[in-house]
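Below is one structure; the comments refer to it alone.
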Amino acid sequence: MLTKKGKYGLKALVHLSKMPAGQLAFVGDIAASNNIPKKFLDAILGELRNAGFVQSRKGKDGGYRLARPAAEIKIGHVVRVLDGPLAPLSCASRTQYQRCEDCNEANCEVRHMMLEVRHAIAEVLDNRSLAAMRDADNDDYPPEVISQI
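Numbering (the numbering used here), first residue to last: 12 to 160.
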């Protein structure tokens with residue numbers, strides 16, 4: 012499940028992607044516009060800066076902006092930076108794999124299902140850019156997905 016940290020980080024990035032190129036946004040404005048606690052957003056933006064997604068400038072005229080075009084930022088990468096692996100179980104993770112001690116992985120039905128879940132999640136998130144997320148009009152989703160939103 013996406014944590015609040017991951018959700019708020021994505022909201023902040025979408026906010027920044029709507030800004031004119033090069034323009035800085037104040038943390039307070041991002042927080043207020045997206046209903047995010049400012050102190051929490053400060054920490055999240057620090058992580059996003061360290062990961063190379065945003066740039067910052069300090070001072071009276073300071074703020075944040077995207078470090079590269081929104082079309083080059085993949086949602087899966089952002090989620091992994093903020094929330095860790097996509098896999099629901101560590102034995103199904105590609106980036107932080109840990110063997111289970113309580114089962115035989117070769118024939119564990121739970122692991123095999125979670126590998127499929129992890130693959131499906133990665134397929135969506137690793138192939139969707141921040142620009143695509145920002146520009147989605149949500150009318151291209153199948154009716155069964157829309158009914159669940």
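Just so it is clear, CB atoms sit at the ideal spot from N, CA and C, and this is done for glycine as well.
Based on Cα-Cα distance, which residue from the options lies nearest to residue i?
i      : options                      : result
Asn138 : Lys69, Val89, Ala78          : Val89
Ala142 : Lys15, Thr14, Leu21          : Leu21
Ala62  : Gly39, Leu24, Arg105, Met124 : Leu24
Gln34  : Asn46, Asp72, Arg105         : Asp72
Arg145 : Ile84, Glu120, Lys69         : Ile84
Ile132 : Leu59, Arg105, Arg68         : Arg105
Run the proximity test for residue i: is its beta-carbon closer than 7 Å to any non-hydrogen atom belonging to the ligand MG?
i     : result
Ile47 : Here there are no bound small molecules, and the ligand MG is not part of this structure.
Can you tell me whether DSSP reads residue i as helix, strand or coil?
i      : result
Leu52  : helix
Leu77  : strand
Ala36  : strand
Arg145 : helix
Arg68  : strand
Lys16  : helix
Ser104 : coil
Lys29  : coil
With a Cβ-Cβ cutoff of 8 Å, do residue i and residue j count as a contact?
i      : j      : result
Ile55  : Leu97  : no
Gly57  : Leu136 : no
Cys102 : Arg129 : no
Val38  : Lys49  : yes
Ala43  : Ser140 : no
Excluding the 5 residues preceding and the 5 following residue i in the sequence, name in chain order all residues of the same chain whose CB lies nearer than 7 Å to its CB.
i     : result
Leu27 : Ala36, Val65, Tyr75, Arg76, Leu77
When burial is assigned at 16 or more other CB atoms within 10 Å of the CB, is residue i buried or exposed?
i     : result
Arg91 : buried
Tyr19 : buried
Please go through the same chain and pick out, in chain order, the residues whose beta-carbon is closer than 8 Å to the beta-carbon of residue i, but skip the five residues on each side of it.
i      : result
Lys16  : Phe51, Ile55, Leu93, Asp94
Arg110 : Cys102, Glu116
Tyr108 : Ser101, Cys102
Leaving out five residues on either side along the sequence, give the residues of the same chain with a beta carbon under 6 Å from the beta carbon of residue i.
i      : result
Glu134 : none
Asn118 : none
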